[in-house]
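Novice: Residue numbers (this note's numbering), protein chains in the order written: chain U, 1 to 149; chain X, 150 to 298. Every residue, glycine too, gets a C-beta built ideally from N, C-alpha and C. Please read these numbers as outputs of a predicted model, since none were measured by experiment. Before I ask anything, here is the structure I am working with.
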DNA sequence: TAATTTTACTTGCAAAATACAAGTATTTAC
DNA sequence: GTAAATACTTGTATTTTGCAAGTAAAATTA
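In structure tokens form, the structure reads like this:
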């Protein structure tokens, strides 16, 4: 079989570059990691610090400081979990939601452009394929966990 | 249409995490960026510093220092371009090739595992889809270039 | 219920990554 | 033949990173 990794490497690098260039919203400069954090907070249900840090594969100490920055920028809010006082629930402020939405729009506009090069059938095939992939990855033991050792 | 960005974000995050955890080869610890550099040098034809830096979207000054590290680790070699003395051609040493190959193997093993969850038809569809995507992305103006502004 | 362990997070530090400014050397353009 | 552009390196300052070590709260155990 052909080199699968190459295929994925090329694809994810391109998407990553896009992501990297996509994070300036109305004078407010957002770093790539910050944009990822906003995205995850926006897309998980009442997430804790630990949950988001795990999703992103960043150390919790690094993450803790990143959240501090985002709070200073007034994009993210921390609320103590009433049921467990150790836990901080993360959410976006109104401004944070606006920024996250704006990035989302830019990314989607780009992806629309990419997909506009395909016909209807190809589009559907590709989208279904990514669903398949995401599903398979989520079932895989190796995915998203450090290799032991 | 559904949120395309979400689909891609999930997929590329998972692949990225894998990449991140995939870089330890026989006691030799390779960072994610370093692994990307090795990959690009291995997969481009007689690449210059600038070419690889551009491919990865890193500043040339940062990249210059990263190459210095990799040369100290004896994984990468610089050769002056005979036709243009300003240019340095990058290549992998034998050890660099071994490391790059080893990472490639680990990544492919993981991807095999992921694909093992699909039937033959699904596999082919997914692989063809990624080809389609990479093609479309390479044609897109927005891809891999900074947004103006 | 008291002592121990685990979990969720924060801060101290030191190392690494980053990028802008300014440099050198070579090549291209006029 | 001078000016401009290109390919890279180094100085410096900032940011990001993560381990170690801390606090505080919850879960487990005795």
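Between the C-alpha atoms of residue 110 of chain U and residue 78 of chain U, what's the straight-line distance to the nearest angstrom?
Specialist: Locating residue 110 of chain U in the first chain gives position 110, counting from the first residue. Locating residue 78 of chain U in the first chain gives position 78, counting from the first residue. Whole-angstrom Cα-Cα distance: 32 Å.
Novice: Identify the residues that DSSP records as bridge partners of residue 227 of chain X: which are they?
Specialist: Numbered from its first residue, the second chain carries residue 227 of chain X at position 78. In DSSP, residue 227 of chain X forms a bridge with X/239.
Novice: For residue 10 of chain U and chain X, any beta-carbon pair shorter than 9 Å?
Specialist: Position 10 of the first chain, counted from the first residue, corresponds to residue 10 of chain U. Yes - at least one Cβ of chain X is within 9 Å of the one on residue 10 of chain U.
Novice: In whole angstroms, what is the alpha-carbon distance linking residue 41 of chain U and residue 282 of chain X?
Specialist: For the purposes of this step, residue 41 of chain U is taken as the residue at position 41 of the first chain. For the purposes of this step, residue 282 of chain X is taken as the residue at position 133 of the second chain. Using only the alpha carbons, I get a separation of about 28 Å.
Novice: Which residues bound the alpha helix (DSSP H) around residue 283 of chain X?
Specialist: Your numbering for residue 283 of chain X matches position 134 in the second chain. Unbroken alpha helix (DSSP H) run through residue 283 of chain X: 269-288.
Novice: Got a sec? Which residues, its chain only, sit under 8 Å from residue 59 of chain U by beta carbon, not counting five neighbours each side?
Specialist: Along the first chain, read from residue 1 onward, the residue named residue 59 of chain U stands at position 59. Excluding sequence neighbours, residue 59 of chain U sits near 53.
Novice: Check residue 218 of chain X in the structure and name its three-state DSSP category.
Specialist: On the second chain, position 69 is the one that residue 218 of chain X refers to. Residue 218 of chain X falls in the helix class under three-state DSSP.
Novice: Please classify residue 12 of chain U: is it buried, with 16 or more other beta-carbons within 10 angstroms of its beta-carbon, or exposed?
Specialist: In the first chain, counting from the first residue as 1, residue 12 of chain U sits at position 12. The residue in question, residue 12 of chain U, is buried, as its Cβ has 16 or more Cβ neighbours within 10 Å.
Novice: Would you call the segment 119-139 of chain U in contact with the segment 85-103 of chain U, where contact means no fewer than 3 C-beta pairs closer than 8 Å?
Specialist: They do not touch, by the three-pair rule.
Novice: For residue 255 of chain X, which option in X/151, X/167, X/155, X/157 has the closest C-alpha, if you only look at C-alpha atoms?
Specialist: Within the second chain, numbered from 1, the residue matching residue 255 of chain X stands at position 106. Taking only the C-alpha atoms, the option nearest residue 255 of chain X is X/167.
Novice: Spatial neighbours of residue 87 of chain U within its chain, please: CB distance less than 6 Å, with the 5 preceding and 5 following residues excluded, ordered by chain position.
Specialist: In the first chain, counting from the first residue as 1, residue 87 of chain U sits at position 87. Only 48, 81 meet the Cβ criterion.
Novice: For the segment 77-109 of chain U, enumerate the residues whose C-beta is nearer than 7 Å to any C-beta of chain X, in chain order.
Specialist: For the segment 77-109 of chain U, which is checked against every Cβ of chain X, the residues closer than 7 Å are 104, 107, 108.
Novice: Note down, in chain order, every chain X residue with its Cβ under 9 Å from the Cβ of residue 16 of chain U.
Specialist: To locate residue 16 of chain U, count along the first chain from 1; it is residue 16. Ordered by position in chain X, the residues that pass the 9 Å Cβ test against residue 16 of chain U are 161, 165, 206.
Novice: When burial is assigned at 16 or more other CB atoms within 10 Å of the CB, is residue 181 of chain X buried or exposed?
Specialist: As a first step, residue 181 of chain X must be located in the second chain, where it is residue number 32. The residue is exposed, with fewer than 16 neighbouring Cβ atoms inside 10 Å.
Novice: I'd like the list of long-range same chain contacts for residue 63 of chain U, defined as Cβ closer than 6 Å, with 5 residues on each side in sequence excluded.
Specialist: Along the first chain, one-based indexing puts residue 63 of chain U at 63. These residues qualify, in order along the chain: 53.
Novice: Quick one: which chain U residues come within Cβ less than 8 Å of residue 276 of chain X?
Specialist: Position 127 of the second chain holds residue 276 of chain X. What residue 276 of chain X touches in chain U: 2, 4, 7.
Novice: Relative to the C-alpha of residue 304 of chain X, which candidate in X/240, X/171, X/218, X/223 has its C-alpha closest?
Specialist: There is simply no residue 304 of chain X to check, as chain X begins at 150 and stops at 298 in what is shown.
Novice: Along chain U, in chain order, which residues have C-beta atoms closer than 8 Å to that of residue 282 of chain X?
Specialist: For the purposes of this step, residue 282 of chain X is taken as residue 133 along the second chain, with counting starting at 1. The answer, in chain order, is 11, 114, 126.
Novice: Can you name the residues that DSSP bridges to residue 28 of chain U?
Specialist: Within the first chain, residue 28 of chain U is the residue found at index 28, counting from 1. For residue 28 of chain U, which the question treats as bridged, DSSP gives the partners U/25.
Novice: On the DSSP bridge list, what partners appear for residue 197 of chain X?
Specialist: Translated into positions along the second chain, residue 197 of chain X becomes position 48. Its beta-bridge partners are X/238.
Novice: When the Cα of residue 101 of chain X is compared with those of X/214, X/233, X/251, which residue comes out closest?
Specialist: Any question about residue 101 of chain X goes unanswered here, given that chain X covers just 150 to 298.
Novice: Quick one, are the C-beta atoms of residue 84 of chain U and residue 154 of chain X less than 9 Å apart?
Specialist: Counted from its first residue, the first chain places residue 84 of chain U at position 84. Counted from its first residue, the second chain places residue 154 of chain X at position 5. Against a cut-off of 9 Å, the Cβ pair of residue 154 of chain X and residue 84 of chain U comes out as no contact.
Novice: Comparing the C-beta of residue 269 of chain X with each C-beta of chain U, is any distance below 9 Å?
Specialist: On the second chain, position 120 is the one that residue 269 of chain X refers to. Judged by the 9 Å Cβ criterion, residue 269 of chain X is not in contact with chain U.
Novice: Are the C-beta of residue 53 of chain U and some C-beta of chain X separated by less than 9 Å?
Specialist: As a first step, residue 53 of chain U is located in the first chain; it is residue number 53 there, counting from the start. No - not a single Cβ of chain X is within 9 Å of the one on residue 53 of chain U.
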